[in-house]
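Protein chains in written order, with numbering that gives the first Met the number 0: chain A, 0 to 199; chain B, 0 to 199; chain C, 0 to 332; chain D, 0 to 332.
Yeah, the Cβ is synthetic: ideal placement off N, Cα and C, and Gly gets one too.
Below: one structure, written as C-alpha cells.
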Amino acid sequence: MTITHNGLLSAIDRIAAAMERDFDMLNAADGALGDGDLGVTMTRGMRAISETKDDLPEDIGMALFQCAQAFTKSSGSSYGTLVATGLMSAAKTLRGKDHIDPEDMSGLIAGARDKMQERGKAALGGKTVLDSLDYLAKALASAENKATAAAQAVDTALKDFRDKPATAGRARIFGDKSIGMDDPGMLAMQSVVKAAVARH
Amino acid sequence: MTITHNGLLSAIDRIAAAMERDFDMLNAADGALGDGDLGVTMTRGMRAISETKDDLPEDIGMALFQCAQAFTKSSGSSYGTLVATGLMSAAKTLRGKDHIDPEDMSGLIAGARDKMQERGKAALGGKTVLDSLDYLAKALASAENKATAAAQAVDTALKDFRDKPATAGRARIFGDKSIGMDDPGMLAMQSVVKAAVARH
Amino acid sequence: MKKILNSPDAYVDEMLAGLIAAHSEHYQMYGDSGKVVARAKPGKPGKVGIVTGGGSGHLPVFTGYVGQGLLDACAVGDVFASPSAEQMADAIRVADNGAGVLRLYGNYGGDVMNFDMAGELVEFEDITCSTVLLADDVASAPPDEAEKRRGVAGMVYAFKIAGAAAEEERDLAAVTAVAQKAADACRSIGAALSPCTVPQAGKPTFEIADDEMEMGMGIHGEPGVWRGKLQSADEIANEMMDRLLADMPLANGDRVSVLVNSLGATPPEELYILYRIVKERLDATGARIIMPLVGRYATSMEMSGVSFTLCKLDDELERLLRAPCDCAFWRVG
Amino acid sequence: MKKILNSPDAYVDEMLAGLIAAHSEHYQMYGDSGKVVARAKPGKPGKVGIVTGGGSGHLPVFTGYVGQGLLDACAVGDVFASPSAEQMADAIRVADNGAGVLRLYGNYGGDVMNFDMAGELVEFEDITCSTVLLADDVASAPPDEAEKRRGVAGMVYAFKIAGAAAEEERDLAAVTAVAQKAADACRSIGAALSPCTVPQAGKPTFEIADDEMEMGMGIHGEPGVWRGKLQSADEIANEMMDRLLADMPLANGDRVSVLVNSLGATPPEELYILYRIVKERLDATGARIIMPLVGRYATSMEMSGVSFTLCKLDDELERLLRAPCDCAFWRVG
Ligand SMILES: Nc1ncnc2c1ncn2[C@@H]1O[C@H](COP(=O)(O)OP(=O)(O)O)[C@@H](O)[C@H]1O
Ligand SMILES: Nc1ncnc2c1ncn2[C@@H]1O[C@H](COP(=O)(O)OP(=O)(O)O)[C@@H](O)[C@H]1O
Ligand SMILES: [Mg+2]
Ligand SMILES: [Mg+2]
Ligand SMILES: [Mg+2]
Ligand SMILES: [Mg+2]
C-alpha cells in the first residue's frame, strides 16, 4: 500500500466523493451532539483540497502541507483544524519524500494523533477522532493487509466507544446523554479512511 | 330633574357602578376599533372621582371642576381628556351655583360638546362621543321628561351612526372596516348617561 | 414573545425606577404626578426648555433622550398609552428655565389633546409654550394629508437638532422654527415581521403568519400598506427606499442623514445587511450621507422589524445634528 | 422568530459590508482571508495589539469592540462558528504594532485550537503572542473546574480594561497580566426565554415552551442548570444574583461594576426592571457599584433573555474601566 503522488490524488477524489455522499449523515450526527455542521466542514474542506489538486507538488510532504492549508482556510471548525493539524504533522515527517511507505503509516498516524491531542487538549479514550486514530495506528503497526486493517480499525473504534459518554468538544455538554450515540468526528474518520483505502 | 349636591353624589355612585359592570364590554369594544383600554379608563376615572366624593364642595361648578381634575389625573387616554374637558366647560358655567336647573342641561351639554370638539379637532358626524353629546343636547332642549329623553338620545345616536365609518381617534385607521361597529366612546356615553338618569 | 416583568401594572414605574437607579448622572424623577423624568443637571437659566412625551415601550424614545443637547424633560404613560395632561404639565414646569418651553412630540390624538390641555394648565403659571409635531411616517397618510401622518423615528432627529439649538441659547421662536424645519425634513417608513406584547394586554398587538411581513406598519401595530410574503433583505430595503425617495426626492449635492432603526428584536446584524442597500440607493441619488445612524433608536419593545428615516439637511441642520449631546443612550461629539 | 436576510451563506459577509459602510471612521476590512476587521486608524507604533475572534451573531461582540481604547482587530466566523486559523493569523498580523499581540477571547474549543494554530503561523513572522481566555459563565462548570467555563459577556470588561492598558503603552506582559486580572474578576450568568435562528440552520437553536425559561443557558443555546416555569422579574434577578454572589462573594467596601445585558430581543425596559434588584442586592453586600452598564453588549441575535456580569474592581481595574474608549457601539470618557 505504498502511496505515490498519483495514489494521493485518487485518494483525494475518493474521499471528496464520500464526503458529498455523507453530507447529511454527518450533519445529522453532529446535530445530535453538537452544532450540526460537520458535513458542511468536510465537504468544504475536501472541495478546497480538490481545487488545489493540479498544483500539488511531487514532494509528498509538501503536498500534504498544502492540503492542510487548504482545509484550514475553508473553515474554522474544530474538526477541520484537527485534521489540518494531523496532516501537518505527517507533512513535516514526510518532507523530501515522493511517496509514503506502508511500514511508516502507523507512525505517521500516531504522530498525527499526538499533535492533534496537543492541539485539542482532550484525553485519549474521550470518544473523539483521537480514538479512531489511536485504533488505526495500533492496527497498522502489525497488520499484514494495511487496507483491511484500517477499515476494520475505524469500525471497531466506533463500536467500542458507542456506549461511553463524550468528554470533549461540544458533545461534552451532553454528558451521559451521549451514551449510545456515535461521535460525529469518529463517523467522519470512518468515512475518510474507508474511502482512502477504497473499502467503502 | 334638578341636580343638587346630593344628586351629584348619587349619580357618581351609579355611574361608577355602571363602569365596573361594563368594564369588559368597553374594553372589548375599544379592542375592536382601538387599543382596548376604554373600560380601564372609565373604571379608573370613576374610582378617582369616587375617592374625592367626601371632599366635593357645595358649589356645583367647583365640584365638577374637581371631578374633571380627578379624571384627568387618573389616565391620559383620549376619552378621559375629552370627558374632563367637557366637565370643565360645564364647571365654568356653573361656578357659584349649588345646583343644576333642568332647563340649563341642554346648553351645558352643547357647551361641553363644543369645547371637546375644540380639544379633539374632530368633526361632528364623525361617529364619536361628540355625536352622542350632540344628540343629547338637541333632545334635552325640547323634551318634557329629560331623563327619558336623555336615555333615548344616546340609544338613537348609536343606532344612527352604527353603519357609518369612523373618522376620528384610533378608530379612523380602520376606515370602512368600522362600518357596522359601535364607537366605543359612544357606548361609554350611553352607559354613563343611563346610569346618571337611573335608566339602566 | 415572552416578557420579563413582575406585575403588568408596575411595568412602567419599575422600568423608570431601574433607569434612574442605573443612570442617576443623567436622569431624575420630578413631581407628584408620576412618570415624569427630568435631566439630572438642569439646563442653564434662560435656555429654552424642550419637553416630549408619549406612551412607554419605545426606549430610548422618549425618556432616554432627556439629556444635554437633547430634551429637558419627558412625561410617559403606560405602554403605548398617552401620559396625562397633569404629567405633561409637570414636565413643562421642570423644563422651564424662564425662556419658555417647546413641546416636541409625535402626532397621536391622545398626546395632542393632553399636551394642549397641559399648555392651558401651565399658562396660569406664566409659562409660554410652543408646539412642533412629528409626522414623519409616510405610510400613514398620503402627501396631501401629510399633517395626519403619525410621528415615528424621525423624532430622534428633531430632538437632537432642537436640543442643540436650545443649547445655543436661541429664543423660543428660533428653537421652535428650527425644530419645525427638522420635523419637515424627516420621512420614515417601517416594516414589521412580528408583534410585541403590551404587558397589560398580555397578548401580542397583532397576529402575523410565520412567513409574512407587513410593509408600512405603525409602531403600535397600526395597519400598513401591504401584508404579504416575507421578502429578502434587499427587496425590503429597496421598497422602503423607493417609498421614502418618492415622498422626498433627493438630488445631486443634497445632504441627508439616515437612520436604520430596529423596532426591537431585529438584531444589528440585519440592520447592517439592510444598510448596504440604503447606502447604495442614497449614493445613486448623488446625495451625500451625513452621520448615518444604525441601531435601536426608537423601538416597540420586542417587536421585530425595521424603520428607515431620512433627514434632509442644510448647513444649519447639519451643524446642529453634529453638535454635542449626551444621554444614557446616545452621545455625539 | 423571523430574520431579514438575503442568502444565509451571505449573512456574515453582508453584515460586515454594511457595518463598514456605515462606520468607516471606526472599522476597515483587512487581508484576503475574509471576515477580519481592523481599526480604521491603527494603534500607535509600539502599542501592544489586542485581537479577539469567534462566531458571528453576537454584535457588538466581537467586531463591534474594535476601536480606540479597545481592540485592534477581530476575526469572525459564520454565525456561531469559529473563524479559521488563517483569519485569526490575519487579525494578529494587522494588530501587531511591533510590541506583540494579546489574544483575548472566549473559552470555546474551536476558537482555542484555531487561535493556538494562528499563533504558530505568525511565530514564523516574529510576532509574539500571549493569550487570555474569558471563562466567566458560572453556569457552565462548577468553581473547581472554572477553567472549563465558557466565555460570555464578561469579555466586554476584559476588552475595555486590556484595551485601556494597551493604550497606556504598557508592554505585552503587563497588558496580558491586567487582562488576566480582569478576566479573573468577572462572573456571569444568563437566562434564556426564547431561542434565535442561525441563518444557515434555518430553524431555532432550541425549543422551549411558551411559559418556560431556562436558567444558565449558554449564548448558543447550551443547556443550563434548570428549565421551568417563567418566573417573575424579581425572582429571576434574585436567583441570578444568588448564583453570582455565591461564586464571587462581595464584602463591605468592595467595588464592583455590573453589566445587565440583553441577549437580543429582550428590551431595555425589562433590563431596567431587573436592574432594581441587581442594585438592591449589590447595595446589600456593602459593595460600591462603579459604572453600571445596562443594554445590549453581548447578544445572540434575536434570542430573548438576559445575562448579568459582575466585575470586581481594584484601583487599577477601576481606572482602566473608566479610561476613554470609542467604537461604534460604546464610548467612555
Ligand atoms: N478537543 C478535541 N479533541 C479531539 N477531538 C475533538 C475535539 N473537539 C472536537 N473534536 C472532534 O471533532 C468533532 C466535531 O467537529 P466539528 O463539528 O468540526 O466541531 P465544532 O463544530 O464544534 O467546531 C467531534 O465529534 C470530535 O470527534
Ligand atoms: N379626536 C377625537 N374627537 C372626539 N372623540 C374622540 C377623539 N378621539 C377619540 N375620541 C373618542 O374616544 C373614544 C376612544 O377613547 P380612548 O379609548 O380613551 O382612546 P385612546 O385609548 O386611543 O386614547 C372613541 O371611541 C371616540 O368616541
Ligand atoms: Mg460541529
Ligand atoms: Mg382606547
Ligand atoms: Mg389608550
Ligand atoms: Mg461548528
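What do you get for residue i, buried or exposed, if any count of 16 or more other CB atoms within 10 angstroms of its CB means buried?
{"i": "Gly227 of chain C", "result": "exposed"}
{"i": "Pro59 of chain D", "result": "buried"}
{"i": "Ile276 of chain D", "result": "buried"}
{"i": "Glu268 of chain C", "result": "buried"}
{"i": "Ser141 of chain B", "result": "exposed"}
{"i": "Glu333 of chain D", "result": "Missing from the structure shown is residue 333 of chain D; chain D here goes from 0 to 332 and no further."}
{"i": "Trp329 of chain D", "result": "buried"}
{"i": "Ile218 of chain D", "result": "buried"}
In its own chain, which residues sit with a C-beta less than 6 Å from the C-beta of residue i, not counting the 5 before and 5 after it?
{"i": "Cys66 of chain B", "result": "Ile48, Leu86"}
{"i": "Lys114 of chain B", "result": "Thr84, Ser88"}
{"i": "Leu281 of chain C", "result": "Ile288"}
{"i": "Gln116 of chain B", "result": "Leu129"}
{"i": "Gln27 of chain D", "result": "Ala37, Ala39"}
{"i": "Gly361 of chain C", "result": "This structure does not reach residue 361 of chain C, given that chain C is present from 0 up to 332, and the question cannot be answered."}
{"i": "Ala233 of chain D", "result": "For clarity, residue 233 of chain D is Asp in the given sequence; the question names Ala instead. If we look at Asp233 of chain D and ignore the five residues flanking it on each side, its Cβ neighbours are Ile276."}
{"i": "Ala94 of chain D", "result": "Gly48, Val50, Asp71, Ala72, Val100"}
{"i": "Asn26 of chain B", "result": "Gly35, Gly38"}
{"i": "Leu120 of chain D", "result": "Ala88"}
Is there a Cβ from chain C that is less than 8 Å from the Cβ of residue i?
{"i": "Ile99 of chain B", "result": "no"}
{"i": "Gly189 of chain D", "result": "no"}
{"i": "Ser77 of chain B", "result": "yes"}
{"i": "Glu13 of chain D", "result": "yes"}
{"i": "Ser49 of chain B", "result": "no"}
{"i": "Leu4 of chain D", "result": "yes"}
{"i": "Thr71 of chain B", "result": "yes"}
{"i": "Asp36 of chain B", "result": "yes"}
{"i": "Gly85 of chain B", "result": "no"}
Under the DSSP definition of a beta bridge, which residues are partnered with residue i?
{"i": "Lys228 of chain C", "result": "C:Glu211"}
{"i": "Gly285 of chain C", "result": "Gly285 of chain C pairs with nothing; no bridge assigned."}
{"i": "Met61 of chain A", "result": "Answer is none; Met61 of chain A lacks a bridge partner."}
{"i": "Met28 of chain D", "result": "D:Val36"}
{"i": "Lys347 of chain C", "result": "Nothing about residue 347 of chain C can be read from this structure; chain C reaches only from 0 to 332."}
For residue i, which residues in the same chain have their Cβ closer than 8 Å to its Cβ, ignoring the five residues on either side in sequence?
{"i": "Pro56 of chain B", "result": "Ala62, Gln65"}
{"i": "Met0 of chain A", "result": "Pro101, Met104, Lys145, Ala146, Val196"}
{"i": "Asp77 of chain D", "result": "Tyr10, Val11, Gly54, Ser55, Gln199"}
{"i": "Arg13 of chain A", "result": "Ala194, Ala195, Ala197, His199"}
Flag residue i as yes if its beta-carbon sits less than 8 Å from any beta-carbon of chain B, otherwise no.
{"i": "Met112 of chain C", "result": "yes"}
{"i": "Phe328 of chain C", "result": "no"}
{"i": "Gly45 of chain C", "result": "no"}
{"i": "Glu144 of chain C", "result": "no"}
Check whether chain D comes within 8 Å of residue i, counting only Cβ atoms and requiring the distance to be less than that.
{"i": "Ile178 of chain A", "result": "no"}
{"i": "Gly125 of chain A", "result": "no"}
Take residue i and list the residues in its own chain whose beta-carbon comes closer than 7 Å to its own, dropping the five residues that flank it on each side.
{"i": "Ala149 of chain A", "result": "Leu135, Ala138, Leu139, Val192, Val196"}
{"i": "Ala245 of chain D", "result": "none"}
{"i": "Asn106 of chain C", "result": "Leu132, Leu133, Ala134, Arg148, Arg149, Gly150"}
{"i": "Asp110 of chain C", "result": "Gly52, Gly53, Ser81, Tyr104"}
{"i": "Gly124 of chain A", "result": "Asp130"}
{"i": "Pro44 of chain C", "result": "Asn96, Gly97"}
Mind checking if residue i is an interface residue toward chain A, Cβ cutoff 8 Å exclusive?
{"i": "Asp252 of chain D", "result": "For the record, residue 252 of chain D in the displayed sequence is Gly; it is not Asp. Output row for Gly252 of chain D: interface = no."}
{"i": "Phe79 of chain D", "result": "yes"}
{"i": "Asp89 of chain D", "result": "no"}
Practice task
Using the beta-carbon of each residue, find all residues closer than 6 Å to any heavy atom of ligand 8 and list them in chain order.
Solution key: Among the ligands in the structure shown, ligand 8 does not appear; only ligand 1, ligand 2, ligand 3, ligand 4, ligand 5 and ligand 6 can be found there.
Problem - Meets three-Cβ-pair contact criterion under 8 Å: the stretch 191-209 of chain C and the stretch 81-97 of chain C - result: no
Exercise for the section: Kindly confirm or deny that the stretch 248-259 of chain D and the stretch 291-311 of chain D touch, where touching means at least three C-beta pairs closer than 8 Å. Expected result: With the cut-off at 8 Å, the stretch 248-259 of chain D and the stretch 291-311 of chain D touch.
Problem - Touch test, the stretch 210-225 of chain C against the stretch 175-195 of chain C, Cβ-Cβ under 8 Å, three pairs minimum - result: yes
Practice task
Decide if the stretch 177-190 of chain C is in contact with the stretch 308-324 of chain C; the criterion is three or more beta carbon pairs, one per stretch, under 8 Å apart.
Solution key: Proximity of the stretch 177-190 of chain C to the stretch 308-324 of chain C meets the contact definition, three or more beta-carbon pairs being nearer than 8 Å.
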